[in-house]
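In the working numbering, the protein residues as written are 6 to 744.
Right, here's the structure in full:
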């Protein structure tokens, strides 16, 4: 690339005699085998990375030598590798605005140097606009860390790391056998009644997380001059500024600081896991320890360790790959690509001349862009659906920050950039063409249109089995999933009181019969009639007691499979008459009872009526065409995909859910009206019921009713991405505003 050597503004800076401020610290670092120098101002916590040539030039500026003299020395020393006049001006401006350079400048020169301040102003504007990730500085935590770090110093070493790893492995070995119980309790996280406790636990753990960053940073020689609160989608989260680790010479201490918060939090997750294992299920201690376990493990790994979000994982990946400023330089790489190949701007300074680093930046730029769009759409739709007013404001604010502001900057660049002076018309035409092509792809190219719902395994033809009399369970002959024939025993009960009453009644009947024979022999007709009445009552009582005795053996009322309850859980327990034992059903008769939001009624009923699907209530049934493809996954076996077909759609919206597991309290998606039904079966909004059967008649064999099922409807008519996003946005606000 040909670089312009001279600058028309050189006369403004050539006679200046700047120098680095006396308190600036310089650290030598290596990235991909190349030497770099990091200048750090501890008072403002500003950093700037210098190449060896740039550092040599800055080293020549001692407060007495002019910029012209330093540049001439650099030219004689480095030749073609020496910085050009525009590069020197840019370097001085960036150092000056990072508070690293001391200079006595005239107003005209200061204005020139402050052109680099646009970068700082842009960062502040982005912070103000990115309300979903807003930071508020509160305190300087360094005095506190001076007290805490010596206390924790004995474990902040390699031996402490080994102990930590052993502890985490031990806790995992204890928790993995309880995996099913962990998954079952995860549903409590979606219950709005628990969100207050979840928030408290989250904030406390994030304080512990930031303490981990700060203590490790302090242990390795850094400082933490700033701490405060960061709002992540209105969720308060503490933060600490451990960026002084950037000045560490080796990448391994930098990695240690980046991982410090997660190491501390995973240790807290281990402690919470042991507490969860030791306390009674359902207690407040069990709930709180589970929230801490989830937040400090799953949530930490998914978010803090995610390199596509600018949290711990991002900085750790940057150090591991030895690619500093990964996000900023990846975006600059894309901009330079368009400047060079599309707009044909000459002399575009490359971000890097290393092929490997260029590939990393290219991949990261597009991956992070796709992830940002995904996060924006997901958070926007969720917030609008949950808190419409707040979500709508945040959506507009974030859209302005992430899309409208860059669009405005693009328009300003096309209209006024001197780089496009000789090719402005071509650049504007190409930009309009690219935007039009992108809009056409988003708005016209059809993509699979997926709609999702949840349901449960149900059986319309089922036989409930109940205890016919009181008694203690003595023996169990069938387990859930076992096939059993009609009349076969499932439970055997024993009732000592019933046995005693049987013996007593039989003895009384024998006594009445003996007395009756004696009365007949004596010819006492009056006494005979009295005894005959007593004998009839005794025999009726005996018949009832014998009937109850036969019901001590609970038998299957039909051929089928034992489901919905484990009879073995009642072994040795006292059960009362009418208490449910289990359900016996034929798996081939099992079906999926799904609930679909009323906002999806347009495609659900339009397609059903168009293709002759059954639309009715009760016994109304018909044949459903192939209007859409239905794929299902059982919550107990998410790896297996079942294909289903709709048997019946209930056109009337119903608030009563077929099972509590479809509501928030049971881990589902439906918001529950707890005042109307504390049991969690009445939703706040009505839903349509859809009955679906698998195409494979044996697919639900052995599957117990009540299991949650995740369904995906693929509509036969594909829609463009833009149409689908607008459609979901419209449905999210449906009923809230007039759209």
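Here a beta-carbon is modelled for each residue, glycine too, at the ideal position from N, C-alpha and C.
Backbone CA spacing between residue i and residue j [nearest angstrom]
| i | j | result |
| --- | --- | --- |
| residue 309 | residue 370 | 19 Å |
| residue 558 | residue 271 | 52 Å |
| residue 572 | residue 492 | 16 Å |
| residue 12 | residue 205 | 58 Å |
| residue 724 | residue 732 | 10 Å |
| residue 486 | residue 565 | 9 Å |
| residue 478 | residue 472 | 10 Å |
| residue 690 | residue 640 | 24 Å |
| residue 42 | residue 279 | 46 Å |
| residue 547 | residue 503 | 11 Å |
| residue 253 | residue 448 | 49 Å |
| residue 109 | residue 21 | 7 Å |
| residue 746 | residue 582 | What is shown of the chain runs 6 to 744, which leaves residue 746 out entirely. |
| residue 343 | residue 376 | 21 Å |
| residue 521 | residue 497 | 37 Å |
| residue 609 | residue 718 | 10 Å |
| residue 297 | residue 182 | 19 Å |
| residue 245 | residue 187 | 32 Å |
| residue 437 | residue 332 | 27 Å |
| residue 211 | residue 164 | 25 Å |
| residue 348 | residue 329 | 28 Å |
| residue 677 | residue 688 | 4 Å |
| residue 46 | residue 216 | 23 Å |
| residue 578 | residue 311 | 50 Å |
| residue 219 | residue 423 | 46 Å |
| residue 701 | residue 665 | 27 Å |
Cβ distance (whole Å) where residue i is taken to contact residue j below 8 Å
| i | j | result |
| --- | --- | --- |
| residue 432 | residue 425 | 5 Å |
| residue 66 | residue 17 | With 8 Å as the limit, residue 66 and residue 17 do not qualify as a contact, their Cβ atoms being about 16 Å apart. |
| residue 233 | residue 143 | 4 Å |
| residue 745 | residue 451 | With the chain represented from 6 up to 744, any question about residue 745 goes unanswered, as that position is not in the structure. |
| residue 179 | residue 282 | 6 Å |
| residue 167 | residue 224 | Not confirmed; about 17 Å, so no contact. |
| residue 686 | residue 716 | Rounded, the Cβ-Cβ distance is 20 Å, inconsistent with contact. |
| residue 722 | residue 454 | 7 Å |
| residue 635 | residue 646 | Not quite, the Cβ-Cβ distance comes to about 11 Å (not below 8 Å), so this is no contact. |
| residue 294 | residue 284 | 7 Å |
| residue 361 | residue 320 | In fact, because the Cβ distance is near 20 Å, the residues do not count as touching under 8 Å. |
DSSP three-state assignment for residue i, whether helix, strand or coil
| i | result |
| --- | --- |
| residue 689 | strand |
| residue 350 | coil |
| residue 555 | helix |
| residue 484 | coil |
| residue 312 | coil |
| residue 694 | strand |
| residue 722 | strand |
| residue 417 | helix |
| residue 5 | Absent from the model: residue 5. The displayed extent of the chain is 6 to 744, so no value can be given. |
| residue 621 | Only weak support exists for where residue 621 lies, its pLDDT of 43 falling under 50; the coordinates are left without a value. |
| residue 518 | helix |
| residue 321 | helix |
| residue 146 | coil |
| residue 47 | coil |
| residue 565 | strand |
| residue 491 | coil |
| residue 598 | strand |
| residue 358 | coil |
| residue 11 | coil |
| residue 253 | coil |
Proximity to residue i [Cα-Cα], best of the options
| i | options | result |
| --- | --- | --- |
| residue 562 | 514, 273, 587 | 587 |
| residue 37 | 668, 323, 429 | 323 |
| residue 222 | 545, 247, 509 | 247 |
| residue 655 | 633, 676, 697, 674 | 697 |
| residue 746 | 576, 507, 579 | Any answer about residue 746 is impossible in this case: the structure gives the chain only from 6 up to 744. |
| residue 513 | 536, 182, 352, 55 | 536 |
| residue 605 | 658, 556, 292 | 658 |
| residue 597 | 520, 470, 695, 505 | 695 |
| residue 704 | 649, 446, 474 | 649 |
| residue 10 | 80, 577, 154, 48 | 80 |
| residue 692 | 646, 714, 601, 55 | 601 |
| residue 69 | 314, 107, 59 | 107 |
| residue 481 | 249, 201, 494 | 494 |
Q. With contact counted as at least three CB pairs below 8 Å, one residue from each stretch, are the segment 142–154 and the segment 220–231 in contact?
A. yes
Q: Could you tell me whether the segment 440–460 touches the segment 525–535, using the rule of 3 or more Cβ pairs below 8 Å?
A: no
(Q) Between the segment 294–303 and the segment 349–365, can you find at least three pairs of beta-carbon atoms closer than 8 Å? (A) no
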